[in-house]
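Going by UniProt numbering, the first residue of the sequence shown is number 1, and it counts up by one from there.
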Amino acid sequence: MGTTKVTLTWCSDNGTAKCRMLLESIGSQKDSTQDSVFNISDLEPGNRYQFPPPPVVSNETQKDPEDGVDRSRVLGIQVVSISATNMSPTWGISGKASSYQILVVGETTFFNLTANEMHVVIPGLTSGTLYNITVYPLHDDGSEGMPGFLQAYTPPGPVSDFRVTSVNTTEIGLAWSSNDSDSFKILTTRDGAGEPRNETTTNHSIIIGGLNPGTKYHFEIFPQGPNGTQGPPQTVEGQTESSVVFGIRVVRVTTTEMELKWESTDTTFQYIYRLDIQPEVSCNKTVGPLKEITLSSLMPGTLYNITITPEMGDVPGTSSSIAEYTRPSSVSNIEINTTTTAAAFSWQNFDNASSTYTYRLLISGNSSNPVENITGVGTTYATVCGLIPGSSYTVEIFAQVGNVTEGASSSASFCTDAAPVNFSCEPVPKEPTLVLTWALPPGNNAGFKLEVSSGACDNMTCLENCSLENGTSCMAEVTHLNFCTSYNISITTLSCGKNASSVQKTCTTDSTDPPPSVEAPVITSVSHNSIKVTFSEFNDSHGPIKAYALIVTTEKGSFS
Numbered sequence: 001m002g003t004t005k006v007t008l009t010w011c012s013d014n015g016t017a018k019c020r021m022l023l024e025s026i027g028s029q030k031d032s033t034q035d036s037v038f039n040i041s042d043l044e045p046g047n048r049y050q051f052p053p054p055p056v057v058s059n060e061t062q063k064d065p066e067d068g069v070d071r072s073r074v075l076g077i078q079v080v081s082i083s084a085t086n087m088s089p090t091w092g093i094s095g096k097a098s099s100y101q102i103l104v105v106g107e108t109t110f111f112n113l114t115a116n117e118m119h120v121v122i123p124g125l126t127s128g129t130l131y132n133i134t135v136y137p138l139h140d141d142g143s144e145g146m147p148g149f150l151q152a153y154t155p156p157g158p159v160s161d162f163r164v165t166s167v168n169t170t171e172i173g174l175a176w177s178s179n180d181s182d183s184f185k186i187l188t189t190r191d192g193a194g195e196p197r198n199e200t201t202t203n204h205s206i207i208i209g210g211l212n213p214g215t216k217y218h219f220e221i222f223p224q225g226p227n228g229t230q231g232p233p234q235t236v237e238g239q240t241e242s243s244v245v246f247g248i249r250v251v252r253v254t255t256t257e258m259e260l261k262w263e264s265t266d267t268t269f270q271y272i273y274r275l276d277i278q279p280e281v282s283c284n285k286t287v288g289p290l291k292e293i294t295l296s297s298l299m300p301g302t303l304y305n306i307t308i309t310p311e312m313g314d315v316p317g318t319s320s321s322i323a324e325y326t327r328p329s330s331v332s333n334i335e336i337n338t339t340t341t342a343a344a345f346s347w348q349n350f351d352n353a354s355s356t357y358t359y360r361l362l363i364s365g366n367s368s369n370p371v372e373n374i375t376g377v378g379t380t381y382a383t384v385c386g387l388i389p390g391s392s393y394t395v396e397i398f399a400q401v402g403n404v405t406e407g408a409s410s411s412a413s414f415c416t417d418a419a420p421v422n423f424s425c426e427p428v429p430k431e432p433t434l435v436l437t438w439a440l441p442p443g444n445n446a447g448f449k450l451e452v453s454s455g456a457c458d459n460m461t462c463l464e465n466c467s468l469e470n471g472t473s474c475m476a477e478v479t480h481l482n483f484c485t486s487y488n489i490s491i492t493t494l495s496c497g498k499n500a501s502s503v504q505k506t507c508t509t510d511s512t513d514p515p516p517s518v519e520a521p522v523i524t525s526v527s528h529n530s531i532k533v534t535f536s537e538f539n540d541s542h543g544p545i546k547a548y549a550l551i552v553t554t555e556k557g558s559f560s
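Printed below as a string of structure tokens:
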């Protein structure tokens, strides 16, 4: 074969005298030969030609139009139905014909069929193949009329193993098998209804994107053959995955606001997220495409159940939920009553949900470990024991709800009462002085207040530090008192806050020798057995004078 010339050879085993060559591409050219080799010239380069070698009976049964003899002619040949392996052509006829001979020539094979009607079913074809169909009318005398000619491609066969290979929220992967198709047309229909979307590929797989999550899709694939032929479709159903919200977390919470963030299985920015919040709130409950929101105008100490649902194209995905409390408000109006080793607290909380609160008290101070106390539900008072007398403390009160969520604390400082003392009072012999001693009271103190009173005389002294005896007792001397006088002694322990109760005792100073008389005694009369003596009155400032002693002295001795 050359660019303008092709050489054909064939076998003739049925005694045919001649063969006629019909070259359809460049017009009807009839050449007869008795040879098995036939040269055809003047062809066009690059064109495709079909050379069916139909047998001719004899010169007597085939006449040229120049002979003036009318012959029947096949007209309007067309294919009324075709598949990958079958073809049904039909035709018309001018004149008369008793039967028809159909020559079918494919790319690698050819065969003959005979029909008595003006239609025929041609079986055994190969899909996706160009066939040249020539229909010859045959007369009763065995002569042949003018043939009709048709070229037709069989469509490709249906694909096999049409399947879904991958699925996510917005894409579905498809694959199939085929060995006779040039390309493939895929129609995608949402939920099997609506206008289909058309995709074409030459591959044996495709990813259909831009789909809605959680949605069913109907896929129909048509194999495409040469010259616009199309094979029968195959179908498959698929459903995209639903988008799933997960990992909801509270990143910030106050008494009236809650900031949420979450994750989802799809990263597309076409999603919106709908929030169902119970109890109902007035803030915005739709957000997108960012996966975060701040809820405001909430009630303190309230449990909120929040459900987040992804949505795209009015198709909801799989939701996720979280339950979280807002923080309780701080307590107010803290009141404290103390003793030496305990403190009683009370407070108020005005939240609507305060009846569900517990309260945690944290008492710290005095360089000791903090003391913690937790109240019952709804209780707004508490007593904490085991404190140290006369010590400074700070109490912090936290409102709690759900045993996990605490509000901001409120605090107050206080001081426990100082412990009272138990003192003893001893007079100093022959001195107008009292000695006071007492054991050092437990806890801490800021000193002692000493009050001494007797009649209209009242004196107060603050003792910042006491003199310790053996490291366990305190001592104080009260001087410049009167001899043999009763005094009311009161000692109060001082502290950082409330002082201890005063302890009182009555103590009496000692007496001593009265001061001497300022005048000497005088003998005013003498008898044989008595004398009379007069003397001035003695001063009783050193103590009451209970009696007088008179000493009389003679030359020989004395008597009294």
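Heads up, the beta-carbon is just placed ideally off N, CA and C, and yes, glycines get one too. Since the model is a prediction, treat every value here as computed from it, not as a measurement.
Exercise. Confirm the yes/no value for this check: CB of S364, any heavy atom of the ligand NAP, distance under 6 Å.
Key: Of ligands this structure carries none, so the ligand NAP is not represented either.
Quiz item: Just the Cα atoms here: how many angstroms apart are L103 and I186?
Solution: Distance between the alpha carbons of L103 and I186: 36 Å.
Exercise. Name, in chain order, the residues that DSSP records as bridge partners for N132.
Key: Its beta-bridge partners are V105 and Q151.
Exercise. Only counting runs of 3 or more residues, tell me where the beta strand (DSSP E) segments fall wholly within the UniProt domain "Fibronectin type-III" (158-243), in order along the chain.
Key: Restricting attention to beta strand (DSSP E) runs no shorter than 3 residues, the UniProt domain "Fibronectin type-III" (158-243) encloses them at 160-167, 172-177, 183-190, 197-201, 205-208, 216-224 and 234-239, ordered along the chain.
Practice problem: Round the Cβ separation of S183 and G157 to the nearest angstrom and send it over; I've been treating them as touching at under 8 Å. | Solution: Not really, about 14 Å apart at Cβ, beyond 8 Å.
Quiz item: Which first and last residues belong to the beta strand (DSSP E) in which S367 is found?
Solution: Where S367 is concerned, there is no enclosing beta strand (DSSP E), because DSSP gives it neither an H nor an E.
Quiz item: So what does DSSP say about T493, is it helix, strand or coil?
Solution: Reduced to three states, the DSSP call for T493 is strand.
Quiz item: If you scan the stretch 401-472 from start to end, which runs of the beta strand (DSSP E) of 3 or more residues do you find wholly inside it?
Solution: The stretch 401-472 contains these whole beta strand (DSSP E) runs: 410-415, 423-427, 434-439, 447-454, 457-463 and 467-469.
Quiz prompt | Own chain partners of T437 with C-beta closer than 6 Å, once the 5 adjacent residues on each side are dropped | solution = The residues are S424, S473 and M475.
Quiz item: Quick one: is P213 near chain B, going by C-beta distance under 7 Å?
Solution: The structure shown has no chain B; it contains just one protein chain.
Quiz item: Since A419 and T340 are thought to touch, with beta carbons under 8 Å apart, how far apart are those beta carbons, to the nearest angstrom?
Solution: Between T340 and A419 the Cβ distance is about 5 Å, and since that is below 8 Å, they are a contact.
Practice problem: Within its chain, find whatever has a CB closer than 6 Å to the CB of I208; leave out the 5 residues flanking it on each side and keep chain order. | Solution: Counting only residues of its own chain and dropping the five nearest sequence neighbours on each side, I208 has a CB closer than 6 Å to the CB of I172 and T188.
Exercise. Kindly indicate which three-state DSSP category S354 falls into: helix, strand or coil?
Key: Three-state result, S354: helix.
Quiz item: If S502 and I491 are in contact, beta carbons under 8 Å, what's the gap, nearest whole angstrom?
Solution: 7 Å between Cβ atoms; contact.
Practice problem: Go to L125, then tell me how far its beta strand (DSSP E) extends in each direction, as first and last residue. | Solution: Run containing L125: none; DSSP gives neither H nor E here.
Quiz item: When you compare only the Cα positions, how much space is there between S413 and E263?
Solution: Using only the alpha carbons, I get a separation of about 46 Å.
Quiz item: Cβ atoms of I77 and L125: under 7 Å apart, would you say?
Solution: No, they are not a contact pair.
Quiz item: What did DSSP end up calling Q270 once you bin it into helix, strand or coil?
Solution: Three-state DSSP puts Q270 in coil, outside helix and strand.
Exercise. Between the Cα of S94 and those of L138, V105 and G106, spot the shortest distance and give me the residue it belongs to.
Key: Closest by alpha carbon: L138.
Quiz item: Which same chain residues, not among the five before or five after T554, have their C-beta less than 7 Å away from its C-beta?
Solution: The beta carbon of T554 lies closer than 7 Å to none in the same chain, with the five residues before and after it left out.
Quiz item: In terms of residues, what are the limits of the beta strand (DSSP E) holding R252?
Solution: For R252, the enclosing beta strand (DSSP E) has its first and last residue at V245 to V253.
Quiz prompt | Three-state secondary structure (DSSP) of E257 | solution = If DSSP states are grouped into helix, strand and coil, E257 belongs with coil.
Quiz prompt | Straight-line Cα distance separating T485 from N459 | solution = A straight line joining the alpha-carbon of N459 with that of T485 spans about 15 Å.
Practice problem: Alpha carbon to alpha carbon, how far is Y325 from residue 617? Give it in angstroms, no decimals. | Solution: A question about residue 617 goes unanswered here, because the residues of the chain that appear run from 1 up to 560.
Practice problem: Would you decide whether T267 is buried or exposed? Buried here means 16 or more other CB atoms lie within 10 Å of its CB. | Solution: Burial call: exposed.
Exercise. Quick one: using the 10 Å Cβ neighbour count with 16 as the cut-off for buried, is L481 buried or exposed?
Key: Result: buried.
Quiz item: For V245, which of I221, T309, L211 and L260 has the nearest alpha-carbon?
Solution: It is T309.
Quiz item: Taking the DSSP output, what are the residues bridged to H119?
Solution: When beta bridges are read from the DSSP output, H119 appears opposite T90.
Quiz item: If we count the other Cβ atoms within 10 Å of its Cβ and call it buried at 16 or more, is A152 buried or exposed?
Solution: A residue is called buried when at least 16 other Cβ atoms come within 10 angstroms of its Cβ; A152 meets this threshold and is buried.
Quiz item: In terms of alpha-carbon separation, which member of T508, P389, L130 and G288 lies closest to S454?
Solution: Comparing Cα-Cα distances from S454 to each of T508, P389, L130 and G288, the minimum goes to T508.
Exercise. Tell me C484's beta-bridge partners as DSSP assigns them.
Key: Its beta-bridge partners do not exist; DSSP assigns none.
Quiz item: For P389 versus T433, is the C-beta distance shorter than 7 Å?
Solution: In this structure, the beta-carbon distance from P389 to T433 does not fall below 7 Å.
Practice problem: Closer than 7 Å by C-beta to P213: which residues in its own chain qualify, once you throw out the five before and the five after it? Chain order, please. | Solution: Result list for P213: T169, T170, T240, E241, S242, S243, D266, M312, V315 and G317, in chain order.
Quiz item: Do I306 and I277 have their CB atoms nearer than 7 Å?
Solution: Using a Cβ distance threshold of 7 Å, I306 and I277 count as a contacting pair.
Quiz prompt | Sequence-distant residues of its chain with Cβ nearer than 6 Å to A408 (five each side left out) | solution = Cβ neighbours of A408 beyond the five flanking positions: S330.
Quiz item: Of all the options F162, A193, V250 and N333, which has the alpha carbon lying nearest to the alpha carbon of P223?
Solution: Nearest C-alpha to P223: F162.
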